[in-house]
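Position one of the sequence shown corresponds to residue 1 (the working numbering), numbered consecutively onward.
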Amino acid sequence: MRTDGFTAPYQRLTRPLVREDGELRPASWEEALDRAAEGFARNVRRHGPNTFGMLSCARATNEMNYVAQKFTRAVIGTNNVDSCNRTCHAPSVAGLSAAFGSGGGTSSYQEVEDTDLIILWGGNPRFAHPIFFQHVLKGVHNGARLFVVDPRRTSSAAWADRWLGLNVGTDIPLAHAIGREIIHAGLTNDTFISRGTSGFDEYRALVEPWTLAAAEAETGVPAEAIRELAHAYARAERAQLCWTLGITEHHNATDNVRALINLSLLTGHVGRYGSGLNPLRGQNNVQGGGDMGAIPNRLTGFQDILDTEARQRFEAAWGQPIQPRHGMTLTQMFEAMDEGELRALYVIGENPVQSEPETEKTTRRLRSLDHLVVQDIFLTRTAEMADVVLPASASWCESDGTFTNSERRVQLVRKALDPPPGARDDIHILCDLANRLGRDWSYPTAEEVWDELRALSPMHRGMSYQRLAELHGIQWPCYSEDTLEPSYLHARLWEEDPARRGEPAAFGLVGHSPPVDLLDDDYPFRLTTGRRLDDYNTGVQTSGFSSPLRRGELLDISPEDAAALGVRDGETVRVSSRRGSVLVPVSVSRSMRPGLVFMTFHFPDQVDTQLLTLDATDPIAGTAEYKAAAVRIERLADGSATDAAAGAERTGAGAAAPRALPART
Ligand SMILES: Nc1nc2c(c(=O)[nH]1)N[C@H]1C(S)=C(S)[C@@H](COP(=O)(O)OP(=O)(O)OC[C@H]3O[C@@H](n4cnc5c(=O)[nH]c(N)nc54)[C@H](O)[C@@H]3O)O[C@H]1N2
Ligand SMILES: Nc1nc2c(c(=O)[nH]1)N[C@H]1C(S)=C(S)[C@@H](COP(=O)(O)OP(=O)(O)OC[C@H]3O[C@@H](n4cnc5c(=O)[nH]c(N)nc54)[C@H](O)[C@@H]3O)O[C@H]1N2
Ligand SMILES: [Mo]
């Protein structure tokens, strides 16, 4: 039951639902599973397996994600499987893979405590990664300097030695200017550059125009602060560069990631203890979901679907052929709905109606599907659109299994709570459907699933449940049951012997590309969206409790802009982008720089932020530019100065009206 006062109550699902005459009605498990399976079978028969898509749950266990991608590949016969990794760190995986051949963060949390310098670039871990932030604070306590690069003076920045408040979308000029300064000051690590990298000369030429003055003009960061960060990073014995969505939720996000990696290549801050590159992953198991192969281009253990040998091993184990082609990303699946090329969607634990940009487009696309099955623990807005809703019971505290965190550590969890009666385990639901589609799957325990996949995935092979329990988790790679690898990756790049070094890490030759949604006289404010401490994503999982800190959706604005617009704290304003508009109370905040405003997407039933965002996406990773919309802010015509509490009156253009169930027959 939701009690936050900003949204209608969500119910924990305990009974399957099926659509009849346009309405969802309760059904037995038998009927719901039959309907779900028949819809998928009909779709494959009529239109082929590649018109099916699976969105797998980044909050659920590794085991469940393994079974979800196996279902997609071995039962339906397509590689169209993806997850919310697409909306957050897919560019980190793409950028790290392009440079190093592997998409994981390179360090461990312990190393963040044992380092001399920590840079938090485009991330606010005080709110979004509080456990990791404890390690950062221990590092600071142990003497590390802390730099924060963020347009907002975040609560993480409150702990920093230096905050670099840059203009949204100017990370590449800033990184290039830091690189240039390191080169001009003679602070490069020449041993590492010559042994471990390629493309340095081209990189030097590329960054040459980004003088401190040019970068100051573009980024808004004072030249002196850029210089200070450059010198501190290059001179530090050990340094950790951590980034998050401020880097990855842009139309050129993979380039952003490459620009940051370049700095570690210049200085040798990778491949050794205490120095590294850390994308702080989003959902609790988004790292694991990708590692399990719930992505369209990789099998379990990050093995390329185009690698014939790898594919044959899985085909032999599963007894089914696997298509030798990359499937569609989540982004491509939604685009393909426009053309009728994606017609059946199976959503396990995602809420795209409220997490995708441009709500109208998302709902129109979902409505165009022939068959939508949603398996969730709550009746989400996405579930309300489904033909069949399957109540899952596998929320993290209700199941056995493993999760993988941002430092690549696989950890064992044990069931702590009984699921509500009527719900079924995610894995068992997948088995029920597989069996209705002609397979003969048993109902495995989590450990049996894990043992099946570790036989197929070299990087997980040495992690038995027993060992995971004894060692309190193990970082991948772990190739055998009697070995452990170092806590950091890519030590090979430091080897003197070229044969042992392998492929060098290439500098990324990337240029600056400003945000797609341009500022002009009509839309003069830069809106960036993100998170607050007490709420989680689309709010489905966090709205069931009340807290004095939670005030619903707000528009954070600088005191200067508030004064210029003549709006007071708590007053409701209209915020419009080129796509839509919402009504939202303002919060005047010193964390904001003039010209910049901030909203979350935590209260979509109160204020639908996704009416403002746009779906310009990174061409390599498919991630949307959630971090940069252009907006206009208007006082309401009647000058009504509703206070913050009245924000809950749920006024809102398009946002506030109670959503009628979309007609999908
Ligand atoms: N409390 C809480 N924790 C969460 C979540 C949650 O909803 N609530 N969600 C989880 C998920 S799914 C994820 S992916 C992570 C996300 O974790 P974070 O990425 O840390 O969270 P965000 O608030 O989305 O964005 C981070 C910062 O990017 C900054 N930023 C915006 N534009 C730019 C830019 O152009 N350049 C730079 N350098 N910075 C910019 C914003 O000001 C913001 O402070 O959090 C996870 N943890
Ligand atoms: N404007 C804007 N939009 C954004 C972002 C942003 O920064 N700004 N960030 C993007 C990012 S990084 C992300 S990750 C996405 C998040 O987008 P989503 O993943 O779509 O949103 P969540 O609210 O996290 O939805 C999680 C769902 O999983 C269900 N669930 C939880 N555990 C289980 C389980 O064990 N089994 C099953 N079957 N279901 C379960 C929950 O009930 C919930 O409905 O949003 C993206 N959208
Ligand atoms: Mo995320």
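Heads up, the beta-carbon is just placed ideally off N, CA and C, and yes, glycines get one too.
- Annotation for GLN134: the continuous alpha helix (DSSP H) segment containing it runs 130 to 141.
- In the DSSP assignment, ASP291 falls outside any beta strand (DSSP E) and within the unbroken alpha helix (DSSP H) covering 286 to 291.
- Counting along the chain, GLN240 sits inside the beta strand (DSSP E) bounded by residues 239 to 243.
- For TRP210, there is no enclosing alpha helix (DSSP H), as DSSP marks it with neither H nor E.
- Closer than 7 Å to some heavy atom of ligand 3: that does not describe the Cβ of GLY539.
- Setting aside the 5 residues that flank it on each side, HIS129 is surrounded in the same chain by GLY123, THR244, LEU280 and SER406, each with a C-beta closer than 8 Å to its C-beta; the list follows chain order.
- Ranked by Cα distance from GLU31, the options ASP432, GLY595 and LEU493 are led by ASP432.
- Out of PHE525, ALA616 and ARG635, the CA that lies nearest to the CA of GLU571 is found in ARG635.
- Within the chosen limit of 7 Å, ligand 3 does not reach the beta carbon of GLY349 with any heavy atom.
- Counting along the chain, GLN466 sits inside the alpha helix (DSSP H) bounded by residues 465 to 470.
- When secondary structure is reduced to three states using DSSP, LEU614 falls in the coil class, being assigned neither helix nor strand.
- Boundaries cannot be given for HIS490, as no alpha helix (DSSP H) includes it and DSSP labels it neither H nor E.
- Put simply, the residues with a CB less than 5 Å from any heavy atom of ligand 3 are CYS88 and GLY282, in chain order.
- If you look at HIS176, you'll find it isn't in any beta strand (DSSP E); it sits in the alpha helix (DSSP H) that goes 171 to 184.
- Exclusion of the five residues before and after PRO594 leaves SER558, GLU560 and ASP561 as the residues of its chain whose Cβ lies within less than 6 Å of its Cβ.
- Inclusion of PRO352 in the 7 Å shell around ligand 2 follows from its C-beta lying nearer than that to a non-hydrogen atom of the ligand.
- For GLN411, DSSP records a beta bridge to PHE403.
- Taking a 10 Å sphere around the C-beta of ASP82, we find 16 or more other C-beta atoms and assign the residue as buried.
- A residue is called buried when at least 16 other Cβ atoms come within 10 angstroms of its Cβ; HIS269 meets this threshold and is buried.
- In this chain, GLY220 is not harboured by any beta strand (DSSP E), its DSSP state being neither H nor E.
- Only residues of its own chain outside the window of five on either side were considered, and among them GLY169 have a CB closer than 7 Å to the CB of PRO514, listed in chain order.
- Relative to the Cα of VAL207, the nearest Cα in the group GLU496, GLY103 and HIS512 belongs to HIS512.
- Distances from the CB of PHE601 to the heavy atoms of ligand 2 include at least one below 7 Å.
- CA-to-CA, the gap between MET592 and PRO419 works out to about 43 Å.
- The beta-carbon separation of GLN287 and THR115, rounded to 21 Å, does not stay under the 8 Å limit for a contact.
- Contact check between the region 522 to 533 and the region 616 to 634: three or more CB pairs, one atom from each, fall below 8 Å, which counts as touching.
- Using a Cβ distance threshold of 8 Å, GLU356 and GLN610 count as a contacting pair.
- Residues of the same chain with a CB within less than 6 Å of the CB of VAL388, apart from the 5 flanking positions on each side, are VAL18, ALA32, ARG35, ALA36 and VAL373 in chain order.
- By the criterion of a C-beta distance shorter than 6 Å, ASN65 is surrounded in its chain by SER56, GLY289, MET292 and ALA294, once the five residues flanking it on both sides are discounted.
- Three or more beta-carbon pairs separated by less than 8 Å link the region 192 to 203 to the region 256 to 265, which places the two stretches in contact.
- Under the 10 Å beta carbon count, ARG454 is surrounded by 16 or more other beta carbons and is classified as buried.
- Within the same chain, Cβ atoms closer than 7 Å to the Cβ of ILE429 are found at GLN375, LEU390 and ALA392, the five residues on either side in sequence being excluded.
- Straight-line measurement puts the Cα of GLN320 at about 52 Å from the Cα of LEU555.
- Counting only runs of at least 3 residues, the region 76 to 158 fully encloses the following beta strand (DSSP E) elements, listed from N- to C-terminal order: 117 to 121 and 145 to 149.
- Residue side-chain check: GLU249 places its Cβ nearer than 7 Å to a non-hydrogen atom of ligand 2.
- Every beta strand (DSSP E) stretch that sits fully inside the region 349 to 397 and reaches 3 residues is listed by chain position as 371 to 376 and 388 to 391.
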